[in-house]
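These notes are about the structure you will find just below.
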Amino acid sequence: MRQSSFFIRTKKEEIKGEPSLNAQLLLRGGFVNKEMAGVYSYLPMGLKVLKKIENIIREEMRTKLGAQEVLMPALHPLENYKATGRSEMDVLFHTDLNGGGKLVLGQSHEEIVVPLLKKFISSYRDLPLGVFQIQTKFRNELRAKSGILRGREFLMKDLYSFHEDEECLAEYYERSKEAYHSIFNRLGIGDRTYLTFASGGTFSDYSHEFQTITESGEDDVYLCKECNVGINEEIIEENPCCPSCEKNKNELRKERAIEVGNIFPLNTRFSDPFSLTYKSKNGEERPVFMGCYGIGVSRAMGAVVEILSDEKGIVWPKEISPFSVHIISLEKNEEAEKIYQKLIDAGMEVLLDDRDSSPGEKFAESDLMGIPVRIVVSEKTLRSDSVEFKKRTEKEAELIKIEEIVSYVEQNI
RNA sequence: CGGAGAGUGGUGUAAUGGCAGCACGCAUCCUUUGGGAGGAUGUAGUUCGGGUUCGAAUCCCGGCUCUCCGACCA
83 MRQSSFFIRT KKEEIKGEPS LNAQLLLRGG FVNKEMAGVY SYLPMGLKVL KKIENIIREE
143 MRTKLGAQEV LMPALHPLEN YKATGRSEMD VLFHTDLNGG GKLVLGQSHE EIVVPLLKKF
203 ISSYRDLPLG VFQIQTKFRN ELRAKSGILR GREFLMKDLY SFHEDEECLA EYYERSKEAY
263 HSIFNRLGIG DRTYLTFASG GTFSDYSHEF QTITESGEDD VYLCKECNVG INEEIIEENP
323 CCPSCEKNKN ELRKERAIEV GNIFPLNTRF SDPFSLTYKS KNGEERPVFM GCYGIGVSRA
383 MGAVVEILSD EKGIVWPKEI SPFSVHIISL EKNEEAEKIY QKLIDAGMEV LLDDRDSSPG
443 EKFAESDLMG IPVRIVVSEK TLRSDSVEFK KRTEKEAELI KIEEIVSYVE QNI
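All residue numbers for the first sequence refer to the working numbering, where the first residue is 83 and numbers rise by one.
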């Protein structure tokens, strides 16, 4: 992509009245546009990041959990929520059909997925089954804040699993933890993301959250660094010690964290209201056991920005960076174009700054955007038939001969 | 949802009852070219609806929106 024709504009100045770090950097870097509190447009670069996160999640859902992707609607009949007793939730957005039918905007999809799967599950032979989607959720937050960390409209992956019994659910539930750890590792926030014990809310006795340690979070968790687990403050009084090593509350570290994922054993909480049952091997009609597993996709993107940034801007991890290489051409030159072509031919995603701007502006913008590798092509570097190679995480640049640049980038990316 | 503050060009701001001004951005031209350059000439604005007044960005009422504190948060 040539920057001269790229639909993007960065901002030098701090954005007024926007205390959230992820919002500052994403807005200034031209990744998103804020339409209103908690409602954002994703611009080309921001969307690229979002899609990469989505694809990591898709891959892990398929390979580790054998889940199948679907896409369910955002418009839900209110009736289904009456059936589950959730019609009075205050985060529900309500709307009407022209004919008078009452609808809500989907804030989660139990009320859709259960009636849907009722049409396909009738025998133990149909189980177990995992279906997931990546879809926009709507929650009428009374106070949206923290940039894309807490929105009224946000992208979420939700997986629902269906099982013959509790044991089978438990086995799947355990595997989902591995899939989640793998996802957060690939997003570059794995070392700060802890499996955290939490209350089951209205669904079950317990649940697990994936909490990423950051000051911008809204939850307090007690961490056991040795066992790599946390306990949400909401249940610390009933469970005042580490579930694995029995260390007590005082020995755990209290930290601020953002919930990037959560998993719940739903058991028959939602199968019952819709009579989702199956015929067992010996002909009995039994309720289907369910689990649900969420990841805030856009929230995870915000968490990455919060954690992986420095005073100059974002530092994207390579797997989700919008581009892998940023070529900066000082003084328009042919050589930058050639290197750009060569790297693209080698299969890389490259952004070429071919605009006629000052060097300082280009460097500052490049740091703000946070692409992992920067290559500068200028008269100065061309005098020695070289270009300058610098990682976003490093201070010093090095000169690399032009004929070696493709292989050098491949090895050092 | 309770409390507080605020809405002026694309962005940030000034004008407190009497000529809407400045900076950034954007456009054109000239100069400049290794850490968000300089000059010239342009461009574009009072959140919406009522009210008071000879006259409203400014005062009053209402709506909408934003920010902060709290509550809430499958």
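Beta carbons are placed, not taken as given, at the ideal position from N, Cα and C, and that holds for glycine.
| task | For the segment 342-358 and the segment 177-184, state whether three or more C-beta atom pairs, one from each stretch, are separated by less than 8 Å. | result | no
| message | On the criterion of 16 or more Cβ atoms from any shown chain inside 10 Å, does S448 qualify as buried, or is it exposed? | response | Taking the first sequence and counting its residues from 1, the one referred to as residue 448 is at position 366. Counting Cβ neighbours within 10 Å, S448 comes out buried, since at least 16 surround it.
| query | So, are the CB atoms of V220 and R234 less than 8 Å apart? | reply | Position 138 of the first sequence, counted from the first residue, corresponds to residue 220. Position 152 of the first sequence, counted from the first residue, corresponds to residue 234. A quick correction: the sequence has Phe, not Val, at residue 220. Yes, the Cβ-Cβ distance between F220 and R234 is below 8 Å.
| field | Straight-line Cα distance separating K477 from G270 | value | What you label residue 270 is simply residue 188 of the first sequence in a count that begins at 1. What you label residue 477 is simply residue 395 of the first sequence in a count that begins at 1. Straight-line spacing of the CA atoms in G270 and K477 works out to 20 Å.
| task | Have a look at K424, N415, M127 and flag the residue whose alpha-carbon is nearest the alpha-carbon of P438. | result | Within the first sequence, the letter at position 356 stands for residue 438. Sequence check: residue 438 is Asp here, not Pro. If we check each option's Cα against that of D438, N415 comes out closest.
| task | Spatial neighbours of P126 within its chain, please: CB distance less than 6 Å, with the 5 preceding and 5 following residues excluded, ordered by chain position. | result | Here residue 126 refers to the residue found at position 44 of the first sequence. So the list reads F89, once near-sequence residues are dropped.
| message | Going by DSSP, what residue range makes up the beta strand (DSSP E) through S123? | response | One-based indexing of the first sequence puts residue 123 at position 41. Where S123 is concerned, the enclosing beta strand (DSSP E) stretches over 121-124.
| Own chain residues within Cβ distance below 8 Å of R91, not counting five before or after | The residue you call residue 91 lines up with position 9 of the first sequence. Contacts found: G112.
| field | Nearest-angstrom Cα separation, counted from E393 out to T463 | value | Stepping through the first sequence from its first residue, residue 463 is reached at position 381. Stepping through the first sequence from its first residue, residue 393 is reached at position 311. Between T463 and E393, the C-alpha separation is close to 27 Å.
| query | What three-state label does DSSP hand Q293 in the structure shown? | reply | The residue you call residue 293 lines up with position 211 of the first sequence. Correct three-state label for Q293: strand.
| request: With a 10 Å radius around its C-beta and 16 neighbouring C-beta atoms as the bar for buried, classify F405 as buried or exposed. | output: Looking up residue 405 in the first sequence gives position 323. Buried, by the Cβ-count rule.
| field | Integer Cβ distance of F356 from G373, believed to fall under 8 Å | value | By 1-based counting over the first sequence, the position of residue 356 is 274. By 1-based counting over the first sequence, the position of residue 373 is 291. No, F356 and G373 are not in contact; Cβ-Cβ is about 16 Å, not under 8 Å.
| task | Could you pull out every residue in the same chain whose Cβ sits closer than 8 Å to the Cβ of V50, ignoring the five residues on either side in sequence? | result | This structure gives no information on residue 50, because the portion of the chain shown stretches from 83 to 495.
| request: Tell me whether F202 sits in a helix, a strand or coil according to DSSP, three-state version. | output: In the first sequence, the residue the question calls residue 202 occupies position 120. F202: coil per DSSP, three-state reduction.
| query | For Y422 versus L412, is the C-beta spacing smaller than 8 Å? | reply | Here residue 422 refers to the residue found at position 340 when the first sequence is read from its first residue. Here residue 412 refers to the residue found at position 330 when the first sequence is read from its first residue. Cβ distance not < 8 Å, so Y422 and L412 don't count as in contact.
| Between K444 and the rest of its own chain, which residues show a CB-CB distance below 6 Å, the 5 nearest in sequence each way excluded? | One-based indexing of the first sequence puts residue 444 at position 362. Closer than 6 Å at Cβ, skipping near neighbours: I410, D435.
| said: Considering only the alpha carbon of each residue, which of E320, E308, K307, D302 lies closest to N314? | reply: What you label residue 314 is simply residue 232 of the first sequence in a count that begins at 1. The alpha carbon of N314 has as its nearest neighbour, out of E320, E308, K307, D302, the alpha carbon of D302.
| task | Flag this pair as yes or no: are the beta carbons of V114 and S123 separated by less than 8 Å? | result | Within the first sequence, the letter at position 32 stands for residue 114. Within the first sequence, the letter at position 41 stands for residue 123. A contact, by the Cβ cut-off of 8 Å.
| Can you name, in chain order, every residue of its own chain whose Cβ lies under 8 Å from the Cβ of Y254, other than the five neighbours on each side? | Within the first sequence, residue 254 is the residue found at index 172, counting from 1. L147, P210, G212, S243, H245, G373.
| Can you tell me whether DSSP reads H263 as helix, strand or coil? | Counted from its first residue, the first sequence places residue 263 at position 181. Three-state DSSP puts H263 in a helix.
| Can you find a heavy atom of the ligand SAM that lies under 7 Å from the Cβ of E480? | Only the bare structure without any ligand can be found here, which leaves the ligand SAM out of the picture.
| Does the distance from the C-beta atom of I230 to that of T296 stay below 8 Å? | The residue given as residue 230 occupies position 148 in the first sequence. The residue given as residue 296 occupies position 214 in the first sequence. It is not a contact, given that the beta carbons lie outside the stated cut-off.
| Taking all protein chains shown into account, do 16 or more other C-beta atoms lie within 10 angstroms of the C-beta of R465, making it buried, or fewer, making it exposed? | If you number the first sequence from 1, residue 465 lands on position 383. Label assigned to R465: exposed.
| Given that a residue counts as buried once 16 or more other Cβ atoms are within 10 Å of its Cβ, and exposed if not, what is T475? | Position 393 of the first sequence, counting from 1, holds the residue named residue 475. Per the 10 Å Cβ criterion, exposed.
| Apart from the five residues on each side of it in sequence, which residues of its chain come closer than 6 Å, Cβ to Cβ, to G128? | Looking up residue 128 in the first sequence gives position 46. F113, V114, listed in sequence order.
| message | Let's test the definition: count the other Cβ atoms within 10 Å of the Cβ of N104 and tell me whether it reaches 16, buried, or not, exposed. | response | The count along the first sequence starts at 1 and reaches residue 104 at position 22. Classification of N104: buried, given that the 10 Å Cβ count is 16 or more.
| In whole angstroms, what separates the C-alpha of M143 from that of Y375? | As a first step, residue 143 must be located in the first sequence, where it is residue number 61. As a first step, residue 375 must be located in the first sequence, where it is residue number 293. The alpha-carbon separation between M143 and Y375 amounts to approximately 10 Å.
| Going by other Cβ atoms of all chains shown within 10 Å of its Cβ, with 16 needed for buried, is E192 buried or exposed? | By 1-based counting over the first sequence, the position of residue 192 is 110. Buried: at least 16 other Cβ atoms inside 10 Å.
| message | So for R232, helix, strand or coil by DSSP? | response | Taking the first sequence and counting its residues from 1, the one referred to as residue 232 is at position 150. The answer is strand: DSSP assigns R232 an E or B state.
| request: List the whole-angstrom C-beta distance separating V379 from E95, where the pair is believed to meet the contact cut-off of C-beta under 8 Å. | output: For the purposes of this step, residue 379 is taken as residue 297 along the first sequence, with counting starting at 1. For the purposes of this step, residue 95 is taken as residue 13 along the first sequence, with counting starting at 1. About 29 Å; that fails the 8 Å criterion.
| said: Let me make sure I understand the geometry here. Which of E366, Q189, D287 has the alpha-carbon closest to that of A156? | reply: Numbered from its first residue, the first sequence carries residue 156 at position 74. A check of alpha carbon separations from A156 across E366, Q189, D287 identifies Q189 as the nearest.
| said: According to DSSP, is K473 part of a helix, a strand, or is it coil? | reply: Numbered from its first residue, the first sequence carries residue 473 at position 391. Three-state DSSP puts K473 in a strand.
| So V397 and I457 are in contact, right, with Cβ under 8 Å, and what is the actual spacing, rounded? | What you label residue 397 is simply residue 315 of the first sequence in a count that begins at 1. What you label residue 457 is simply residue 375 of the first sequence in a count that begins at 1. The beta-carbon separation of V397 and I457, rounded to 17 Å, does not stay under the 8 Å limit for a contact.
| query | Taking C-alpha atoms, which residue in I402, S468, R232 lies nearest to E223? | reply | Residue mapping note: residue 223 aligns to position 141 of the first sequence, counting from 1. Closest by alpha carbon: R232.
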